[in-house]
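Trainee: The opening residue of the sequence shown carries number 1 in the UniProt record's numbering; numbering runs sequentially from there.
We put the CB at the ideal spot given by N, CA and C, even for glycine.
Here's a structure for you.
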Amino acid sequence: MDAKRTWPLLVVYVFIWYASNVRYNIVNKMLLESLHATVIIAWAQLAFGVVVAVCLWRCGVLPTPSLSRGDILALVPASMAFAAGQITTQTALTFGHVSLTHVVKSVEPVVNALVSALLLGDCLNPFTYLTLVPIDLGVCLTANSLGFDVSTLACAMASNVCFALRNVLASKYGRIGDLGEGPAVRTTNQLFLLTVLGSAISLPFVSDIPVSFAIVIRCIG
């Protein structure tokens, strides 16, 4: 596909993604205000992802991954970061305004670039880092105008760090196991696996019993 046709599609896709993200945060805030169950809602969203993954695997839409015990253990750190990012995002929405949380979350590409450089040594072109400066300035100005809230800022930034760690660790272990053919299939399957493990890891925070650890150990064994 030539560049003249690619750019309009890219703009449309970015708009759809951004609008969906805004709607997701608004619905989350409404749900949190109604149920007052931050961690349960965070876990339920991960659990729903598990249901989607199982349906796609069972229906043959995606190939069922084949992993060894070592492969599963290698994915645990990224899964922990995924679960922590999910919970801290919901916590940020619980403490403060949707708009402030959404603005602070927009710094995630900056955090991801820094974490990639620190942990993987994956340094980008200096001009690429310069393009991230307007994002930081815009977030600082907008956050001040929306009203500064320490709890919301801390949780939203913690979520940024957690998701950046998830991305970096997932990239580091992206070639483990048999996740299917092609980068798109492998990436999708890896995300579903992180969702499954993240759901199991975060279950104790919902049930207050170590059931999920028994499930993980049983799967590994």
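Between which two residues does the alpha helix (DSSP H) holding Leu-114 run?
Mentor: Here the alpha helix (DSSP H) through Leu-114 covers 108 to 115.
Trainee: Give me, in chain order, the residues of the same chain whose beta-carbon lies closer than 6 Å to that of His-97; leave out the 5 immediate sequence neighbours on both sides.
Mentor: Hits under 6 Å: none found.
Trainee: Measure from the alpha carbon of Thr-88 to the alpha carbon of each residue in Leu-194, Cys-162, Ala-184, then state which is nearest.
Mentor: For the residues Leu-194, Cys-162, Ala-184, the minimum Cα distance to Thr-88 belongs to Cys-162.
Trainee: Between the stretch 190 to 208 and the stretch 46 to 57, do three or more beta carbon pairs fall short of 8 Å?
Mentor: Flag = yes, the stretch 190 to 208 and the stretch 46 to 57 touch.
Trainee: Grab the span of the alpha helix (DSSP H) containing Thr-64 for me, first residue to last.
Mentor: Taken as a continuous stretch (DSSP letters only), Thr-64 belongs to no alpha helix (DSSP H), as it is neither H nor E.
Trainee: Beta-carbon within less than 8 Å of Ile-135's beta-carbon, same chain only, minus the 5 sequence neighbours each way: which residues are those?
Mentor: Once the five neighbours on either side are set aside, the close Cβ partners of Ile-135 are Ser-106, Val-107, Pro-109, Val-110.
Trainee: Rounded to whole angstroms, what's the CA-CA distance from Glu-181 to Arg-175? Just pull it up for me.
Mentor: Distance between the alpha carbons of Glu-181 and Arg-175 is about 11 Å.
Trainee: With Asp-71 as the anchor, note down where its alpha helix (DSSP H) starts and where it stops.
Mentor: Unbroken alpha helix (DSSP H) run through Asp-71: 69 to 95.
Trainee: Please go through the same chain and pick out, in chain order, the residues whose beta-carbon is closer than 8 Å to the beta-carbon of Val-211, but skip the five residues on each side of it.
Mentor: Residue placement at Val-211 is poorly supported in this model, since its pLDDT is 44, which falls under 50; the coordinates are not used for a value here.
Trainee: What whole-angstrom Cβ distance do Pro-8 and Val-185 have, given they're in contact under 8 Å?
Mentor: Not really, about 27 Å apart at Cβ, beyond 8 Å.
Trainee: Compare the beta carbon distance of Leu-100 and Thr-152 with 9 Å and say whether it is the shorter of the two.
Mentor: Yes, Cβ-Cβ distance for Leu-100 and Thr-152 is below 9 Å.
Trainee: Determine, using beta carbons only, whether Leu-10 and Thr-94 come nearer to each other than 9 Å.
Mentor: No.
Trainee: Looking at Asn-125: is its Cβ nearer than 9 Å to the Cβ of Ala-164?
Mentor: Cβ distance not < 9 Å, so Asn-125 and Ala-164 don't count as in contact.
Trainee: Determine the closest residue to Ala-200 out of Val-27, Thr-187, Trp-17, Ile-40, with distance taken between C-alpha atoms.
Mentor: Looking at the Cα atoms, Ile-40 is the closest of the given residues.
Trainee: Tell me, to the nearest whole angstrom, how far the beta carbon of Ala-81 is from that of Arg-166; I am working on the premise that it is less than 8 Å.
Mentor: Rounded, the Cβ-Cβ distance is 4 Å, consistent with contact.
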